[in-house]
Amino acid sequence: QGQLVESGGGVVQPGRSLRLSCAASGLTLSTYAMHWVRQAPGKGLEWVAVISYDGSNKLYADSVKGRFTISRDNSKNTLYLQMNSLRPEDTAVYYCAKGRGGVTSSRDHWGQGTLVTVSS
Amino acid sequence: QSVLTQPPSASGTPGQRVTVSCFGSSSNIGGNPVNWYQHLPGTAPKLLIYSNNQRPSGVPDRFSGSKSGTSASLAISGLQSDDEADYYCAAWDDSLNGHVFGAGTKVTVL
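What follows is the structure, encoded as structure tokens:
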């Protein structure tokens, strides 16, 4: 049973950038799609983005399209989320999750999350 | 406003059976598998059911899922205090070209 560990969260001003990382141990991510999912304070889970196993296909929620970029480095078994032009409504706990298969599949392993707070 | 509609809450006494419903449309539940997640705030969400009615290894058979048309449901039988959590349905949406979640149902054990 492997684990995913997110890092890179923190407090950032509106309009600034932040990069999140998700490192895997005991899991080989290179053959699976990977996701970012977030939960704003007092709200439910919201899917953010997914990347295919080889990075060739990337899909985003409309709320982050054009501002966030998902990427991966399979040689490092690591997933990333570059977040630009951050807004207060991006404040949330961000989870990375491993897909069971391709980009449309469910997510079977999740990290504990990292908190991003966008505030002046 | 979530694309998938769930009741905000459900409850039962220990040992009872509780069901959580999830309503969608032809672009999501109607044409794609439904998945269910259990989430305790501050912890990692857990996959309970995938592909409408399949349980990952380690998930007790007290949890079961079903789908009919554009709706799905999660049933928890033999309710236990450990089952108190938020439960989310999710599916791929062909029109949005992305994943969608329900708003979540908080299950309380009375």
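Line order of the protein sequences matches chains A and B.
The opening residue of the first sequence carries number 684 in the working numbering; numbering runs sequentially from there.
The opening residue of the second sequence carries number 100 in the working numbering; numbering runs sequentially from there.
Where a beta carbon is used, it is the ideal one built from N, C-alpha and C, also for glycine.
Please read all numbers here as calculations on a predicted model, not as lab measurements.
Looking at the DSSP output, residue 164 of chain B shares a beta bridge with B:173.
Taking C-beta separations shorter than 6 Å and ignoring five residues to either side along the sequence, residue 179 of chain B has no partners in its chain. Using a Cβ-Cβ cut-off of 7 Å, residue 709 of chain A does not count as an interface residue toward chain B, since no Cβ of chain B sits closer than that to its own. The beta carbons of residue 162 of chain B and residue 139 of chain B sit no closer together than 7 Å.
Proximity of the region 107 to 116 of chain B to the region 721 to 729 of chain A falls short of the contact definition, fewer than three beta-carbon pairs being nearer than 8 Å. DSSP, read as helix, strand or coil, puts residue 754 of chain A in strand. Residue 803 of chain A is outside the set of residues whose beta carbon lies under 7 Å from a beta carbon in chain B. Contact annotation for residue 730 of chain A against chain B: 189, 197, 198, 199 and 200 [CB-CB distance below 9 Å, chain order]. For the region 737 to 750 of chain A, the set of residues with a beta-carbon nearer than 9 Å to any beta-carbon of chain B comprises 742, 743, 744 and 745, in chain order. From the beta-carbon of residue 777 of chain A, no residue of chain B is found nearer than 8 Å; the closest lies around 12 Å away. Setting aside the 5 residues that flank it on each side, residue 103 of chain B is surrounded in the same chain by 121, 123, 188, 199 and 201, each with a C-beta closer than 6 Å to its C-beta; the list follows chain order. Taking all protein chains in view, the Cβ of residue 144 of chain B is crowded by 16 or more other Cβ atoms within 10 Å, so the residue is classified as buried. With fewer than 16 other Cβ atoms from the protein chains shown falling within 10 Å of its own Cβ, residue 181 of chain B counts as exposed. Judged by DSSP in its simplified three-state form, residue 183 of chain B adopts coil rather than helix or strand.
The C-beta of residue 130 of chain B comes no closer than 7 Å to any C-beta of chain A. Contact check between the region 702 to 715 of chain A and the region 749 to 760 of chain A: three or more CB pairs, one atom from each, fall below 8 Å, which counts as touching. Contact with chain B is absent for residue 782 of chain A, since none of that chain's Cβ atoms lies less than 7 Å from the residue's Cβ.
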